[in-house]
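Under this note's numbering, residues 4 to 293 are what the sequence shown spells out, in order.
For glycine and all other residues, C-beta sits at the position ideal for the given N, C-alpha and C.
These numbers were taken from a predicted model, which means no experiment stands behind them.
Structure first, then comments.
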Amino acid sequence: MLTSQKKTDTRAAALALVAQVERQAQEIAKAFAGAGMSDRFSDFRALLEKLDQFQVFIDLVESRLGDFEPEKQEAQAQNLAQVRWGILQLEIEATRMFLARMAESGKPWPLGSKPVLARRLQRLDEIRAFHAANVERFGLSALDATKLQALADALKEQAGHSLGLDDFASSGTLALHDFSAATPAQPKVALQRTPSRPTARHAPGHVAPSLPKGSLHVREEDGNFYLDNNGLSVVSDACKIAHITIDDLAGKLSISRPALVLMLNGRDPISPPALHQLRGFVARHGGGTA
């Protein structure tokens with residue numbers, strides 16, 4: 004049983020995490036308001052990755068709500084839900100603005116943009132679901148259904164003009180087969196070198212992606228498999244190399260993002276099939292298993 008001091012320390016740590024969520028949300032909103040959205044696809048992807056990582060952080064903090072006194076848990080849950088909703092609205096606006104910038108610029112969609120736009124369309128459904136599930140409980144502001152539908156229509160239209168994954172694997176981006184439960188395929192040439200081997204020369208200005216240094220550590224307890232709490236860091240590094248988000252990874256594993264985060268933090272057990280897929284994914288993108 005936790006001592007009184009231990010409980011106090013635990014609550015203080017949870018409160019500090021909530022404060023960090025609020026601070027990061029303000030920083031993200033301020034940076035976006037100042038810089039806006041360019042017509043560069045790389046900038047858009049970078050922003051989406053930052054927003055996704057922030058949503059994962061909120062997931063983690065929500066998993067700590069049990070550290071608060073029972074009478075304060077609902078208030079903290081409401082606070083986090085409202086912060087999340089604010090960032091989701093920013094995500095909607097960023098997507099809308101980027102589509103508008105691309106239309107204004109007349110530039111062609113880059114290779115690999117089609118699955119990104121398809122994922123944005125799926126995200127709109129997830130945002131609708133989050134709002135519907137929490138609007139009354141947490142007093143969220145209204146959802147502009149007309150604006151969201153217009154964005155969905157624009158995404159569908161632009162997806163028809165964008166490029167798919169036919170040749171995208173050569174750029175280092177994750178192909179769909181990377182999530183199959185089958186035996187991992189041979190890693191792509193750019194990722195199969197190890198630090199101890201000589202690397203090929205790159206063209207001037209080329210920067211090779213850094214590889215994650217950690218490994219997944221798995222333990223067995225009462226017949227269940229758990230990842231040690233470095234799992235989120237290792238998998239996040241692998242996702243960066245694969246050019247996908249934790250959100251994308253959860254979808255390929257057919258589990259929710261909050262559930263995946265809990266597994267990666269060692270709080271919930273992971274099923275053998277999901278563990279097999281996750282190990283293969285990490286192994287293909289620079290990490291290891293133990």
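Quiz item: So VAL237 and LEU263 are in contact, right, with Cβ under 8 Å, and what is the actual spacing, rounded?
Solution: Going by Cβ atoms, the distance from VAL237 to LEU263 rounds to 13 Å, so no, they are not a contact pair.
Quiz item: Shortest alpha-carbon distance to GLY226 belongs to which of ASP70, ASP271 and GLU160?
Solution: ASP271
Quiz item: Is SER66 helix, strand or coil when you go by DSSP?
Solution: coil
Quiz item: If you draw a straight line from the C-alpha of ALA188 to the C-alpha of HIS288, how long is it?
Solution: For ALA188, the predicted model reports a pLDDT of 39, less than 50, meaning its position is unreliable and no value from the coordinates is stated.
Quiz prompt | For PHE228, the residue or residues it bridges with in DSSP | solution = GLU223 and ILE273
Quiz prompt | N- and C-terminal bounds of the alpha helix (DSSP H) containing TRP88 | solution = 73-108
Practice problem: Please name the residue in LEU114, LYS75, GLN125 and GLU74 whose C-alpha comes closest to that of GLU94. | Solution: GLN125
Quiz item: How many angstroms separate the CA atom of ARG122 from the CA atom of SER7?
Solution: 46 Å
Quiz prompt | Backbone secondary structure at LEU120 - three-state DSSP | solution = helix
Self-check item: Length of the line joining the Cα atoms of GLU96 and GLU223
Solution: 44 Å
Practice problem: Would you kindly report the start and end of the unbroken alpha helix (DSSP H) that includes ALA38? | Solution: 7-38
Quiz item: If TYR229 sits next to GLY269, beta carbons under 8 Å apart, how far is it from one beta carbon to the other, in whole angstroms?
Solution: 5 Å
Practice problem: Using three-state DSSP, classify THR248 as helix, strand or coil. | Solution: coil
Practice problem: Report back the beta-carbon spacing between LEU102 and ALA157 to the nearest angstrom; my notes put them in contact at under 8 Å. | Solution: 5 Å
Quiz item: Thinking C-alpha only, which one of MET40, LEU20 and SER165 is nearest ASP62?
Solution: LEU20
Practice problem: Quick one: measure Cβ to Cβ for THR248 and LEU51, integer angstroms, because I've assumed they're closer than 8 Å. | Solution: 7 Å
Quiz item: CB-CB under 7 Å to VAL64, same chain, minus the five flanking residues each way: which ones, in chain order?
Solution: LEU20, VAL21, VAL24 and LEU83
Quiz item: Using the C-alpha atoms, what's the distance from GLY163 back to GLU74?
Solution: 51 Å
Quiz item: Are there 16 or more other CB atoms within 10 angstroms of the CB of SER144, so buried, or fewer, so exposed?
Solution: exposed
Exercise. Measure the C-alpha to C-alpha separation of PHE284 and ILE273 and round it to an integer number of angstroms.
Key: 15 Å
Quiz item: Are the Cβ atoms of ASP147 and ARG104 separated by less than 8 Å?
Solution: no
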